[in-house]
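Enquirer: My questions will all concern the structure given below.
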Amino acid sequence: MDSLVNYIYILSGALFILSLKWMNSPASARRGVFAGEAGMLLAIGGTLINHHQNWEWILAAFFIGTAVGVPIAYIMPMTAVPQRTAMSHACGALAAALVGTAEFYQRQPHADTELRGFVMVALVIETLLGFLTFTGSLMAMGKLQEILPSRPITYRNQNLINGVLFAIALGLGVRLVMVPTDTILFPIFAGLSLIFGVLLILPIGGADMPTVIALLNSYAGLSACAMGFALNNHLLVIAGALDGSSGLILSIIMCKAMNRSFTNVLFGAFGQLQVSAAKTEQRSYRSASAEEAAAVLEASSSVIIVPGYGLAVAQAQHKIRDLFDSLMKRGIDVKFAIHPVAGRMPGHMNVLLAEADIPYDRLIEMDDINGEFPQCDVALVIGANDVTNPAARTDKSSPIYGMPILDVDRARTVMVIKRSMSPGFAGIDNDLYYMDKTLMLFGDAKAFVSEIVKELPARVGA
Amino acid sequence: MASNLEIGLMVFMLATFVGLEVIRKVSPLLHTPLMSLTNAISAISVVGAILIISNEEATTLSKVLGFIAITAAVTNIVSGFLITDRMLKMFKKREGKR
C-alpha cells in the first residue's frame, strides 16, 4: 500500500506543475485550476488511505475549513483580493508552523533518533518561517484592510532592534538543533518568531505591499517545503518549492518595477522620504469640469486609460467600463496601460478591470504600451500617481529616479482624475500635473467618471 | 545509496528550477490568480497535518494543533481554488454578454 501512495504523490506533483504551466495564458488557465484541484484531491485521498486514525478530528477540521472557505471565495469583492491573499498566506503559514510544533513535541520521546540532524534543522526552519509569516501576513492584511495605518510605522534603531531579535531567534533555533530535548526553549523560539513577523511588516508602507505579499507568499511556500524535509515527504517539497519560486519571481518583478532592491523594500521604509520632498511651492495647473473632459474625449480618436490604486479605493471599475463602452461605440480606440505595481498586489488592476467585463486584450503591459503614448490623443490617469511621474526619468534627485514609469507625459493631452493636489503615497510631487497639456479633474474617481459618461450621450443627441 | 536529505535536496533543486521556468512564462495579466493558485497548492501542508493527527502516538496537544492546521489549510485549499476560478472566469477576450 505504501508504494501505491507514493505513485499517487508522483501523479499529484505532476498535476501541480501542469497547473502552474497552464496559467501561462487566460485560455488554458481554468484548466490549470482544475489540474491543481485534482492534484490536491489525490494528495489528500492518498494520504488518508494509510492515515485515518482519529478520523473524526480530521473530518471535523475538513468540514469547518470548507464551511469557512466557500463563503470567503464567493463573497469576497475583487477589490479585497489583496487582503484575502494576505489572510491565506497567514493561514498556510500557521498550518505549517503548528505542524512543526506538533512534530517537535510528539517526537520528544524518541528525540535521540528522530530529532537529529537535518530533520531538526528542517523543523526549526519550518516553524521560524511559519510563525513569522503568520503574524507578518496578519499585519499586511491589517494594513491592506486599513485596520492598521498603511503608512510605515518607524522608530529609532528599528533595523538594529529587529536584527538583534532575529539573531536571538536564530540562535535559539541553532541551540534547539544541537539539543532538541531543551523543550523549554521552543516556546521562546516560537514567540520570538511571531514577534519578528510583526516587526518586519510594521515599517512597510501600502505602496510596497505588492512586493511584500509576493515575498510572504514565497516564505509560506518555503515553510511547507521545510515540512517536507522534516517528514521526508517529497510531494510537500515539490509543492512548497513551486510556491516558493513563484513568490520569489513575483517579488523580483515587483522590485524591478519600482527600481528597488529587496533590502530597500524590507528595511528602507519608503514613506520616510516625504520630509525631503515636501518643500514644494505653489505651482500653477489647469483644471477642467466633467463637461470639458467629455468634449476632449469625444474629439479624440485614441485614449489610453492609466488605472491605479485610487481606482480600487473608489470602486470605480464598473463606471470605467461604461466610459470604455461609450467611447468604443464612438469609434474611439481605448486601451488600458497597466504598470506592474499598480494596485496592492501583482496583477491587481487586471483582475479589477476583468471583473468589470473589460476584455483582457485591452489591458496592455507597461513595456508594450509605452511606445504608443506619443501617438495617443488623450491619456486619462485614474487613481495612479507615482508610476506616471516623469521625474523618475529625468530628476536624479527624486527618490523615485530610475523607476520604470508609464510615459503618460508624452501623450498629446493628459487628464488626471484626482481628489486634490496632495502628493501621492511616496509624498513626491508629480511634474505631470503642472504641464501645459495637463487637465486636472478634481473629484472622486467613481463620481467623476460617471459624470463624464453622462455628458457623452447628451452630446450625441444635441 | 543517497540519504533522505540528499534525495530531498535533489527534489527541491529540480522543483525550484521547474517552478522558476514555469512561473516566468505566466502572463502578468494573471499574476493575481497565480498567487491565489499557488497559495492553494502550498496548502499541501494539510498532508503533514493529517500525518500528525493520525499518528498512533498523537497526544492531545498534537491533535489540537493538527486540527487547527487542517482547518487553516482546508480553508486555503477551498477558498484558494474557488476564488482563482472565479477570477479566471472574468477574463474574457471579447465583448461578452453582461
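Protein chains in written order, with our numbering: chain A, -7 to 454; chain B, 213 to 310.
Glycine residues also receive a C-beta, built at the ideal position from the N, C-alpha and C atoms.
1. According to the Cβ coordinates, are residue 217 (chain A) and residue 288 (chain B) closer than 8 Å?
2. Residues in its own chain within less than 6 Å of residue 191 (chain A) by CB, not counting five upstream and five downstream?
3. Rounded to the nearest angstrom, what separates residue 215 (chain B) and residue 171 (chain A) at their Cα positions?
4. Measuring CB to CB, does residue 249 (chain B) end up less than 8 Å from residue 11 (chain A)?
5. Could you give the distance in angstroms between the alpha-carbon of residue 264 (chain A) and the alpha-carbon of residue 224 (chain B)?
6. What residues in the stretch 278 to 293 of chain B have a beta carbon less than 9 Å from any beta carbon of chain A?
7. What separation, rounded to the nearest whole angstrom, lies between the Cα atoms of residue 118 (chain A) and residue -2 (chain A)?
8. Flag residue 445 (chain A) as yes if its beta-carbon sits less than 8 Å from any beta-carbon of chain B, otherwise no.
9. Confirm, please, whether the CB-CB distance from residue 87 (chain A) to residue 255 (chain B) is below 8 Å.
10. Anything in the stretch 213 to 233 of chain B with a Cβ closer than 7 Å to a Cβ of chain A? List those residues in chain order, please.
11. Let me confirm a value: residue 48 (chain A) is counted as buried when at least 16 other C-beta atoms fall within 10 Å, else exposed. Which label applies?
12. Please classify residue 222 (chain B): is it buried, with 16 or more other beta-carbons within 10 angstroms of its beta-carbon, or exposed?
13. Identify the contact partners of residue 357 (chain A) in chain B, using a Cβ-Cβ distance below 7 Å as the criterion.
14. Is residue 370 (chain A) helix, strand or coil by DSSP?
15. With a threshold of 8 Å between beta-carbons, can residue 57 (chain A) be considered close to chain B, or not?
16. Which residues of chain A have a Cβ atom closer than 8 Å to the Cβ of residue 272 (chain B), listed in chain order?
17. Taking 8 Å as the CB-CB limit, is residue 287 (chain A) close to chain B?
18. Considering only DSSP beta bridges, list what residue 329 (chain A) is partnered with.
19. Counting Cβ pairs closer than 8 Å, one from the stretch 381 to 401 of chain A and one from the stretch 224 to 242 of chain A, do we hit at least three?
20. May I have the straight-line CA-CA distance separating residue 189 (chain A) from residue 125 (chain A), to the nearest angstrom?
21. For residue 123 (chain A), go through chain B and note every residue whose CB falls closer than 7 Å to its CB, in chain order.
22. Does DSSP classify residue 32 (chain A) as helix, strand or coil?
23. By DSSP's criteria, residue 410 (chain A) is part of a beta bridge. Which residues make up the other side?
24. Looking at chain B, is there any beta carbon in it that lies within less than 8 Å of the beta carbon of residue 265 (chain A)?
25. Closer than 8 Å, Cβ to Cβ, to anything on chain B: give me those residues from the stretch 72 to 90 of chain A, in chain order.
26. In three-state DSSP terms, what is residue 269 (chain A)?
27. Identify the contact partners of residue 228 (chain A) in chain B, using a Cβ-Cβ distance below 8 Å as the criterion.
28. At a Cβ threshold of 8 Å, is residue 368 (chain A) touching chain E?
29. Please classify residue 56 (chain A): does DSSP put it in a helix, a strand, or coil?
30. Could I get the ranges of all uninterrupted beta strand (DSSP E) runs contained in the stretch 171 to 255 of chain A, with 3 residues as the minimum, in chain order?
31. Measure from the alpha carbon of residue 330 (chain A) to the alpha carbon of each residue in A:366, A:338 and A:438, then state which is nearest.
32. I'd like to know if residue 337 (chain A) contacts chain B, where contact means its C-beta is closer than 8 Å to some C-beta of that chain.
33. Just reading off the alpha helix (DSSP H) that residue 343 (chain A) is part of, what are its end residues?
34. Between the Cα of residue 421 (chain A) and the Cα atoms of A:444, A:407, A:100 and A:382, which residue gives the shortest distance?
35. In chain B, what lies closer than 9 Å to residue 221 (chain A) by C-beta?
36. Do you know offhand how far residue 230 (chain B)'s Cα is from residue 237 (chain B)'s?
Expert: Based on what the coordinates show:
1. Start at 1 with the first residue of the first sequence, and residue 217 (chain A) comes out as number 225. Start at 1 with the first residue of the second sequence, and residue 288 (chain B) comes out as number 76. Going by C-beta atoms, residue 217 (chain A) is not nearer than 8 Å to residue 288 (chain B).
2. On the first sequence, residue 191 (chain A) is found 199 positions in, with the first residue counted as 1. Around residue 191 (chain A): 154.
3. Counted from its first residue, the second sequence places residue 215 (chain B) at position 3. Counted from its first residue, the first sequence places residue 171 (chain A) at position 179. C-alpha separation (whole angstroms): 22 Å.
4. Position 37 of the second sequence, counted from the first residue, corresponds to residue 249 (chain B). Position 19 of the first sequence, counted from the first residue, corresponds to residue 11 (chain A). Yes, these two residues count as a Cβ contact at 8 Å.
5. On the first sequence, residue 264 (chain A) is found 272 positions in, with the first residue counted as 1. On the second sequence, residue 224 (chain B) is found 12 positions in, with the first residue counted as 1. Reliability fails at residue 264 (chain A), whose pLDDT of 46 lies under 50, so the model's placement of it is uncertain and no value is given.
6. 278, 279, 280, 281, 282, 283, 284, 285, 286, 287, 288, 289, 290, 291, 292 and 293
7. Start at 1 with the first residue of the first sequence, and residue 118 (chain A) comes out as number 126. Start at 1 with the first residue of the first sequence, and residue -2 (chain A) comes out as number 6. Between the alpha carbons of residue 118 (chain A) and residue -2 (chain A) lies a distance of about 23 Å.
8. Position 453 of the first sequence, counted from the first residue, corresponds to residue 445 (chain A). By this cut-off, residue 445 (chain A) is not an interface position.
9. Along the second sequence, read from residue 1 onward, the residue named residue 255 (chain B) stands at position 43. Along the first sequence, read from residue 1 onward, the residue named residue 87 (chain A) stands at position 95. Yes, the Cβ-Cβ distance between residue 255 (chain B) and residue 87 (chain A) is below 8 Å.
10. 216, 217, 220, 223, 224, 227, 228, 230, 231 and 232
11. Within the first sequence, the letter at position 56 stands for residue 48 (chain A). Answer is exposed; the Cβ neighbour count stays below 16.
12. One-based indexing of the second sequence puts residue 222 (chain B) at position 10. By the 10 Å Cβ count, residue 222 (chain B) comes out exposed.
13. Taking the first residue of the first sequence as 1, we reach residue 357 (chain A) at position 365. Within chain B, the residues near residue 357 (chain A) are 240.
14. Residue 370 (chain A) sits at position 378 when you count from the first residue of the first sequence. Three-state DSSP puts residue 370 (chain A) in a strand.
15. The residue you call residue 57 (chain A) lines up with position 65 of the first sequence. Output row for residue 57 (chain A): interface = yes.
16. On the second sequence, position 60 is the one that residue 272 (chain B) refers to. Simply none; closest approach about 11 Å.
17. Mapped onto the first sequence, residue 287 (chain A) falls at position 295. Not closer than 8 Å to any Cβ of chain B, the Cβ of residue 287 (chain A) fails to qualify, so no.
18. The sequence position of residue 329 (chain A) within the first sequence is 337, counting from 1. The partner list for residue 329 (chain A) (beta bridge, DSSP) reads A:356.
19. no
20. By one-based count along the first sequence, residue 189 (chain A) stands at place 197. By one-based count along the first sequence, residue 125 (chain A) stands at place 133. C-alpha separation (whole angstroms): 6 Å.
21. Here the question's residue 123 (chain A) lines up with position 131 in the first sequence. Near residue 123 (chain A) there are no residues of chain B at all, since even the closest Cβ is about 13 Å away, more than 7 Å.
22. Here residue 32 (chain A) is taken as the residue at index 40 of the first sequence, counted from 1. Residue 32 (chain A) falls in the helix class under three-state DSSP.
23. Taking the first sequence and counting its residues from 1, the one referred to as residue 410 (chain A) is at position 418. A:434.
24. The residue you call residue 265 (chain A) lines up with position 273 of the first sequence. Unreliable placement is indicated for residue 265 (chain A), whose pLDDT of 45 sits below 50; the coordinate value is still reported in the next sentence. Cβ-Cβ to chain B under 8 Å: no for residue 265 (chain A).
25. 73, 76, 77, 80, 81, 83, 84, 86, 87, 88 and 90
26. Mapped onto the first sequence, residue 269 (chain A) falls at position 277. Unreliable positioning characterises residue 269 (chain A) in this predicted model, as indicated by a pLDDT of 45, which lies under 50. A coordinate reading is not provided.
27. Numbered from its first residue, the first sequence carries residue 228 (chain A) at position 236. Within 8 Å Cβ-Cβ: 256, 257, 259 and 260.
28. The question asks about chain E, but that chain is absent: this structure's protein chains are A and B.
29. One-based indexing of the first sequence puts residue 56 (chain A) at position 64. Residue state, collapsed to three classes: helix.
30. Restricting attention to beta strand (DSSP E) runs no shorter than 3 residues, the stretch 171 to 255 of chain A encloses none.
31. To locate residue 330 (chain A), count along the first sequence from 1; it is residue 338. Cα-wise, what sits closest to residue 330 (chain A) is A:338.
32. Taking the first residue of the first sequence as position 1, residue 337 (chain A) is located at position 345. At a cut-off of 8 Å between beta-carbon atoms, residue 337 (chain A) makes contact with chain B.
33. Residue numbering aside, residue 343 (chain A) sits at position 351 when the first sequence is read from its first letter. Unbroken alpha helix (DSSP H) run through residue 343 (chain A): 340 to 347.
34. Here the question's residue 421 (chain A) lines up with position 429 in the first sequence. Of the candidates A:444, A:407, A:100 and A:382, the one whose C-alpha sits nearest the C-alpha of residue 421 (chain A) is A:382.
35. Here residue 221 (chain A) corresponds to residue number 229 of the first sequence, with the count starting at 1. Listed along the chain, the chain B residues whose CB falls inside 9 Å of the CB of residue 221 (chain A) are 216, 217, 220, 221 and 224.
36. Against the second sequence, residue 230 (chain B) aligns to sequence position 18. Against the second sequence, residue 237 (chain B) aligns to sequence position 25. Computed Cα separation, rounded: 11 Å.
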